C-alpha cells in the first residue's frame, strides 16, 4: 500500500531498492569520486520517505478522530431520542 510512493521517491533519486515484507533496503554503487553525491542522494531520499510516512500517519490519525467524533455524535443523538420518547410516554 505504501510502497508505490516510496519506490517512486527512490527511483527519482536514481537509487536501487529491495522491498521485503518488513524491510526496505536502498542501495547504489558509485565511483570513489562520486560517493559524496551518492550520500546526498540517499539522504534526500530518506528525508522524502520520512515525509511520506509522517503524512500517512497524520492522515490515519485524523481519520480515526473523525470516525470517533461521528460515533459519539450518533450515540448522543440516539440517547436524546430515547430520553425524549421515554419522557413523552411518561407524560401520556
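Numbering (this note's numbering), first residue to last: 22 to 113. Every residue gets a Cβ at the ideal spot worked out from N, C-alpha and C, and that includes glycine. Since we're looking at a predicted model, the values are computed, not measured.
Assigned secondary structure, residue i (DSSP; H/G/I helix, E/B strand, else coil)
i	result
residue 46	strand
residue 51	coil
Whole-number beta carbon distance between residue j and residue i, since they are thought to touch under 8 Å
i	j	result
residue 47	residue 31	6 Å
residue 73	residue 27	6 Å
Among the options, the one whose alpha carbon lies nearest that of residue i
i	options	result
residue 50	35, 43, 41, 64	35
Start and end residues, alpha helix (DSSP H) containing residue i
i	result
residue 64	56-112
Range of the contiguous beta strand (DSSP E) that encloses residue i
i	result
residue 38	37-40
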